[in-house]
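Reading through the structure tokens given below for one structure.
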Amino acid sequence: MGTPVNRTFDPSPRPAPTLHRNIPFPVVDPPMRFPRLPLIAVLGAALLAAACTAEQAPAPKVLKTQTSADNTADFGAVSSDVPPPPKKKTDIAHTTEWPDATLESGTASISCSTDYVEQGDGKEFKDLAFFSVLDAMLPCKDAGVVRLRYRGRVASDFTTLIERVGNMAARMDIHQRILDIDSSGGQVEDAIRAGDIMAEAGWTIWVRENAVCHSACVLLLAGGDDRVISGAVGIHRIIRIQSEASSRAELSAELHEVHEAMKDYLQRNGAGVAVADFMMTVPNRSLRLLTPEELSEYGLVGRNAAQEDLDRIRLVRRCGLDFARRLDGFYRAYEQQCASLDTGVDAINDCGRALRPKYGFPDDKCPADSPLAALDVKPAQTADAAAEEGAIDVATKAEDARERAARPAKRRQ
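End of the sequence shown = 412 in numbering that gives the first Met the number 0, gap-free, step of one.
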């Protein structure tokens, strides 16, 4: 039997007693995402059975530049003179009358679970109208998680998809938002726009095993609050389509503007600007796969450093500097004393509870921001149980959710 392959993860700091039916995991913090524990891999019993027959894929030889065998139209980092968005752009956060839009550059589906082995990737959809997106995401409201699976090229309709799914998640108060992406590249300018949209909406970006994030897709990684990477990430030189350059100097001048835009984008999102320089050195017909060490060095994997700083500033503003320092101390002790326990979720949670008083938690001023605050809340009655008792009519509940989703989206605090 081969080594089990990790096919799912829990990127969310939201309290969630179980990710799958069979394997519970410790409750962690609510939507305030600083500080957080390391990403926890969670496997269901059925997933383990399926993984028994799967062999671990050998690590690619990442230090060599390799020629891509992918000659499809969506391969590459492309730059072109894209017209700016219209000045009178519809504010989709405050209306249900979204402009007509259809996804043509790839396939998208919505799932309310991170377990794609057991649950699949959900039903595909192309219509990006308000009620089409609402219907696709409605089951995710109670689950508290939406996973957007996208396979295709990065283009303007992909950016529209990201914007609209994120907006609908905000309307539904779905805080765990995951982009499960498999893309070999696309338009640089659209990747920057999509990355900036995700940076304001709390997305986790997942490149799962057997998926790729190449070329322009790499820019998307800078926009995520968290980046979970199991697949291949590679870069190469940008192509300037519709170029009239007849010399290297002229081509360099044309690429200078987009190169500077990439550097500005990477810098404001906490990633290394060296990525933009690196992308200019690998021939476009080749592909340079990044090592795990390079991904970490460039700030493209794990927790986003810029978002951590912003979360800490917000925490200090709400609860004070002393609170933040005590929280740091608690999590250092928690990771050393509790997180490594292999005696089960109850033992881990009990260990965390026992640590809290030593650091002054729960805090009277900020109880919701205190560590393991979810353990202090009694679990709510499930919708199914309530429906069985006649307390909730499921059809009415769905209609209420549709009405709530039609309200303006809340801005990220």
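Backbone N, C-alpha and C define an ideal beta-carbon position, used for all residues, glycine too.
Inset, instruction - Determine which residues share a DSSP beta bridge with E123 and list them. - result: S108
Inset, instruction - State whether the stretch 334-351 contacts the stretch 300-315, with contact taken as three or more CB pairs (one from each stretch) at a distance under 8 Å. - result: no
Legend entry - Between the CA atoms of A373 and K140 - distance to the nearest angstrom: 18 Å
Legend entry - Sheet register partners of Y358 (DSSP bridge): Paired residues: none, contrary to the question.
Inset, instruction - Check whether the stretch 136-156 touches the stretch 169-186, taking contact to mean three or more Cβ pairs, one atom from each stretch, closer than 8 Å. - result: yes
Inset, instruction - Just confirm the distance between the C-beta atoms of L320 and I228, as a whole number of angstroms; I'd bet it's less than 8 Å. - result: About 34 Å; that fails the 8 Å criterion.
Legend entry - Rounded straight-line distance, which links the Cα of I109 to that of G301: 23 Å
Legend entry - Buried or exposed by the 16-neighbour rule on C-beta atoms within 10 Å, applied to S182: buried
Legend entry - Distance between F129 and E96 (C-alpha atoms, nearest Å): 7 Å
Legend entry - Whole-Å CB distance - E278 paired with H235, under 8 Å assumed: A small correction: the amino acid at residue 278 is Met; Glu does not occupy that position in the sequence shown. Contact holds; Cβ gap of about 7 Å.
Inset, instruction - With a threshold of 16 other CB atoms inside 10 Å of the CB of N348, please say whether the residue is buried or exposed. - result: buried
Inset, instruction - Starting from the Cα of F329, find the closest Cα among Q266, D362, C216 and give me that residue. - result: D362
Legend entry - alpha helix (DSSP H) segments (min. 4 residues) lying fully within the stretch 185-237: 187-198, 216-220
Legend entry - Distance between K357 and I180 (C-alpha atoms, nearest Å): 42 Å
Legend entry - Y330 - containing alpha helix (DSSP H), residue span: 320-336
Legend entry - alpha helix (DSSP H) runs contained entirely in the stretch 279-309, provided each spans 4 or more residues: 291-296
Inset, instruction - Counting only the same chain and skipping the five closest in sequence on each side, list residues whose C-beta sits under 6 Å from that of R325. - result: Y358, G359
Inset, instruction - Consult DSSP for L133 and reduce its assignment to one of helix, strand or coil. - result: helix
Legend entry - Residue from G201, A190, G223, E243 with nearest C-alpha to S214: A190
Inset, instruction - Over the uninterrupted alpha helix (DSSP H) stretch that includes R163, give me the two end residues. - result: 155-170
Legend entry - Per-residue DSSP class, three states only, for S246: coil
Legend entry - C-beta atoms of L220 and L289 nearer than 7 Å: no
Legend entry - Residue interval of the beta strand (DSSP E) (run including V144): 144-151
Legend entry - Short CB-CB distance (under 7 Å) between D114 and chain D: Here there is only one protein chain, and chain D is not present.
Inset, instruction - Identify the continuous alpha helix (DSSP H) that holds V116 and give its terminal residues. - result: 115-118
Legend entry - Whether A231 touches V211 by CB criterion (7 Å): yes
Inset, instruction - Using the Cα positions of A48 and E208, report the straight-line distance between them to the nearest angstrom. - result: Reliability fails at A48, whose pLDDT of 38 lies under 50, so the model's placement of it is uncertain and the value that follows must be treated cautiously. Taking the straight line from one Cα to the other gives about 17 Å.
Inset, instruction - Drop a sphere of 10 angstroms on the beta-carbon of T159, count the other beta-carbons inside from all chains shown, and report buried for 16 or more, exposed for fewer. - result: buried
Legend entry - Nearest residue (CA-CA) to R163, options P366, S246, F124: F124
Inset, instruction - Drop a sphere of 10 angstroms on the beta-carbon of T203, count the other beta-carbons inside from all chains shown, and report buried for 16 or more, exposed for fewer. - result: buried
Legend entry - 7 Å Cβ shell around T106 - same chain, five flanking residues per side excluded: E123, R150, G151
Legend entry - Buried or exposed by the 16-neighbour rule on C-beta atoms within 10 Å, applied to T113: buried
Inset, instruction - Please list, in chain order, all residues of the same chain as A305 whose beta carbon is under 7 Å from its beta carbon, the five residues on each side excluded. - result: N268, G269
Legend entry - Inter-residue spacing [alpha-carbon to alpha-carbon] between S11 and R176: The predicted position of S11 is uncertain, since its pLDDT is 43 and thus under 50; a value taken from the coordinates is nonetheless stated next. Answer to the nearest angstrom: the Cα atoms are 9 Å apart.
Legend entry - Identity of the residues DSSP links to L102 by a beta bridge: Note: L102 sits in no beta bridge, so no partner.
Legend entry - Residues bridged to L178 [DSSP beta-bridge criterion]: L147, I204
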